[in-house]
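Since the structure comes first, as structure tokens, the remarks are kept for the end.
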Amino acid sequence: MINQEYKSMLSGKSVIRQLSEYAIARGKKIGYENVFDFSLGNPSVPAPQSLTDTMIRLLQEKDPMELHGYSPSLGNPVYKEKIAASLNRRFQMNYTAAHIFPTTGAAGALAHAVRAVTTPGDEVLTFAPFFPEYGPYISGTGAQLKVVPADTRTFQINFDEFEKMLTQNVTAVLINTPNNPSGIAYSTETLRKLAQILKDKSAAFGHTIFLISDEPYREIIFKGADAPYVSKFYANTLSCYSFSKSLSLPGERIGYVAVNPACEDAEIIVPMCGQISRGTGHNCPPSIIQLAVAEVCDETADLSVYETNMNLIYDTLTDLGFTCVKPGGTFYIFPKALEESSVSFCNKARDYDLILVPGDSFGAPGFFRMAYCIDTEKVQRAMPRLRQFVREIYPDVANGKV
1408 MINQEYKSML SGKSVIRQLS EYAIARGKKI GYENVFDFSL GNPSVPAPQS LTDTMIRLLQ
1468 EKDPMELHGY SPSLGNPVYK EKIAASLNRR FQMNYTAAHI FPTTGAAGAL AHAVRAVTTP
1528 GDEVLTFAPF FPEYGPYISG TGAQLKVVPA DTRTFQINFD EFEKMLTQNV TAVLINTPNN
1588 PSGIAYSTET LRKLAQILKD KSAAFGHTIF LISDEPYREI IFKGADAPYV SKFYANTLSC
1648 YSFSKSLSLP GERIGYVAVN PACEDAEIIV PMCGQISRGT GHNCPPSIIQ LAVAEVCDET
1708 ADLSVYETNM NLIYDTLTDL GFTCVKPGGT FYIFPKALEE SSVSFCNKAR DYDLILVPGD
1768 SFGAPGFFRM AYCIDTEKVQ RAMPRLRQFV REIYPDVANG KV
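Residue numbers (our numbering): 1408 to 1809.
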């Protein structure tokens, strides 16, 4: 008999993917340039030329067995050393190669980090709004995901609700900063308060509460944003990273877990991740991409377009009367819908070929996400359509009456 759990998951297809598929199908009818698709968070800028040049040079100069042979089970030492040195240089940490575990992107990093610090039945807390795939990521480990309601005024942490839910059963807290979908970066004040609560509760419960920090948007930070490095605040932090966004390499699926050297059992967590790989069938990223990224890990693609797009959209939204917290990073913005149901709002927007994602699956009903990782020219053309949509469907808002 086939596995009924995975069969049942077929009916829970990602809303984001469904909307993206709709946009593609609609584009075949009217031309994709006429569909204003803000659904999918797929980087829209090319990888830096330095990466391409590095790949070519490696293929021309390196021993094919080194490029295409198996990676060591705990990752290529060159990659691990380069990542540790980069983090130390940039964030004044003291990682060594022994604290870095290469993974297939941030999803692979999260899969290992959660398994390393939880057992089946444990609770993992995260904060709304949150990336919907956290659900299957956590349930697949046997742990239980519980979601702290959002502070919709700021999208920083709702500490009152967090402390109510932080019980003896919680062994890990999962954060995402800068955040998908809100675009908000957790501030120094927020991280200090979070760290103190985790220290106090770990002592009170008699067991460590680990902090798992999901950081694929770490390099997409906008002017004036307070977006410090999470691991500097709390010793028992596992940082999960992907180069998908910083280097525009989502298809290469390369990232890592960085274990804070001050973490409990820091010396064995990376070897444990190797054993977790044995049980999940995970293998390290391809050898060639580890070697290539090692050489350019301090670089980024040209990420400036995302801030340009954000400002265009934010200014239009606020001018139209939307309530919206200004993003500090990422390529997402998360305004409040103009009616109670964000699903209804987004369905109406679709009639104007504006593809927006309801906030319900992010744990924040009444809001909607726009992924603005598209060409600036298309964002500019989308803004008159957004104005038309609001003017015709929500005239009281457009006229400033509500």
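Note that CB positions come from ideal geometry on N, CA and C, so glycine has one too. Given the structure is predicted, the values throughout are model-derived calculations rather than measurements.
When you compare only the Cα positions, how much space is there between residue i and residue j?
{"i": "LEU1458", "j": "LEU1656", "result": "10 Å"}
{"i": "HIS1614", "j": "ILE1507", "result": "24 Å"}
{"i": "THR1526", "j": "ILE1409", "result": "26 Å"}
{"i": "ARG1599", "j": "TYR1593", "result": "10 Å"}
{"i": "ALA1518", "j": "PHE1769", "result": "19 Å"}
{"i": "ASP1633", "j": "ILE1591", "result": "10 Å"}
{"i": "ALA1453", "j": "ILE1431", "result": "The question names Ala, but residue 1453 is Pro in the sequence shown. Computed Cα separation, rounded: 21 Å."}
{"i": "GLN1499", "j": "SER1646", "result": "15 Å"}
{"i": "ASP1621", "j": "GLY1735", "result": "16 Å"}
{"i": "ALA1523", "j": "GLU1440", "result": "45 Å"}
{"i": "LEU1552", "j": "PRO1802", "result": "41 Å"}
{"i": "MET1416", "j": "GLN1425", "result": "14 Å"}
{"i": "PHE1566", "j": "LEU1465", "result": "49 Å"}
{"i": "THR1725", "j": "SER1589", "result": "16 Å"}
{"i": "VAL1422", "j": "LYS1487", "result": "36 Å"}
{"i": "ALA1611", "j": "GLY1419", "result": "39 Å"}
{"i": "GLN1456", "j": "GLN1411", "result": "46 Å"}
{"i": "ILE1463", "j": "ASN1483", "result": "19 Å"}
{"i": "GLU1568", "j": "LEU1745", "result": "26 Å"}
{"i": "THR1597", "j": "PHE1640", "result": "10 Å"}
{"i": "LEU1710", "j": "GLU1747", "result": "34 Å"}
According to DSSP, what are the bridge partners of residue i?
{"i": "ILE1583", "result": "The displayed chain sequence assigns Asn, not Ile, to residue 1583. According to DSSP, ASN1583 bridges with ASP1621."}
{"i": "TYR1663", "result": "PRO1509, TYR1648"}
{"i": "ASP1444", "result": "ILE1762"}
{"i": "MET1777", "result": "ILE1740"}
{"i": "THR1533", "result": "VAL1554, LEU1581"}
{"i": "ILE1628", "result": "GLY1736"}
I'd like to check one pair, residue j with residue i: are the Cβ atoms closer than 8 Å?
{"i": "LEU1605", "j": "ILE1616", "result": "yes"}
{"i": "TYR1663", "j": "THR1510", "result": "yes"}
{"i": "ASN1718", "j": "THR1783", "result": "no"}
{"i": "CYS1753", "j": "LYS1743", "result": "no"}
{"i": "GLY1773", "j": "PHE1741", "result": "no"}
{"i": "ASP1760", "j": "ARG1433", "result": "yes"}
{"i": "PHE1562", "j": "ASN1587", "result": "no"}
{"i": "ALA1701", "j": "VAL1521", "result": "no"}
{"i": "SER1749", "j": "GLU1473", "result": "no"}
{"i": "THR1574", "j": "PRO1635", "result": "no"}
{"i": "ALA1771", "j": "THR1559", "result": "yes"}
{"i": "THR1737", "j": "SER1653", "result": "no"}
{"i": "ARG1776", "j": "VAL1786", "result": "no"}
{"i": "SER1546", "j": "ILE1762", "result": "no"}
{"i": "ALA1699", "j": "THR1548", "result": "no"}
{"i": "ILE1490", "j": "CYS1691", "result": "no"}
{"i": "LEU1494", "j": "ALA1665", "result": "yes"}
{"i": "TYR1721", "j": "ALA1778", "result": "no"}
{"i": "ILE1627", "j": "TYR1541", "result": "no"}
{"i": "GLY1800", "j": "LYS1755", "result": "Here residue 1800 turns out to be Ile, not Gly, going by the sequence shown. Yes, they are a contact pair."}
{"i": "PRO1536", "j": "ALA1557", "result": "yes"}
{"i": "GLU1674", "j": "ALA1550", "result": "no"}
{"i": "GLY1686", "j": "VAL1804", "result": "no"}
With a threshold of 8 Å on Cβ separation, who are the neighbours of residue i within its own chain once the five nearest residues in sequence on each side are excluded?
{"i": "THR1723", "result": "MET1790, LEU1793, ARG1794"}
{"i": "ALA1642", "result": "ASN1667, ALA1669, CYS1670, GLU1671"}
{"i": "HIS1689", "result": "THR1510, THR1511, GLY1515, ALA1518, HIS1519, ILE1683"}
{"i": "THR1644", "result": "PHE1617, LEU1618, ILE1619, SER1620, VAL1637, SER1638, ASN1667, CYS1670"}
Excluding the 5 residues preceding and the 5 following residue i in the sequence, name in chain order all residues of the same chain whose CB lies nearer than 7 Å to its CB.
{"i": "ASN1576", "result": "ASP1529, GLU1530"}
{"i": "ASN1449", "result": "PRO1657, CYS1780"}
{"i": "LYS1608", "result": "LEU1573, ILE1616"}
{"i": "ASN1501", "result": "ASN1495, PRO1668"}
Can you list, in chain order, the residues of its chain with a C-beta nearer than 6 Å to that of residue i? Leave out the 5 residues immediately preceding and following it.
{"i": "ILE1696", "result": "GLU1659, ILE1661"}
{"i": "GLY1681", "result": "SER1480, LEU1481"}
{"i": "PHE1534", "result": "VAL1555, ILE1564"}
{"i": "THR1503", "result": "ALA1491"}
{"i": "SER1649", "result": "GLY1512, ALA1513, PRO1623, GLY1662"}
{"i": "VAL1442", "result": "ALA1430, ARG1433, GLY1434, ASP1760"}
{"i": "TYR1544", "result": "LEU1517"}
{"i": "ALA1579", "result": "VAL1524, THR1525, VAL1531, PHE1617, ILE1619"}
{"i": "ILE1676", "result": "ALA1523, VAL1666"}
{"i": "SER1427", "result": "SER1446, LEU1447"}
{"i": "PHE1629", "result": "GLU1714, GLY1735, GLY1736"}
{"i": "MET1679", "result": "ALA1523"}
Taking 8 Å as the CB-CB limit, is residue i close to chain D?
{"i": "THR1723", "result": "Annotation note: the requested chain D is absent from the structure, which comprises a single protein chain."}
Entirely within the region 1699 to 1736 and at least 3 residues each: give me those beta strand (DSSP E) ranges in chain order. none
Where in the region 1782 to 1807 do unbroken runs of the alpha helix (DSSP H), each at least 4 residues long, occur, reported from the N-terminal end onward? 1783 to 1800, 1802 to 1805
Going along the chain, which unbroken runs of the alpha helix (DSSP H) with 4 or more residues stay wholly within the region 1421 to 1484? 1422 to 1437, 1456 to 1468, 1471 to 1475
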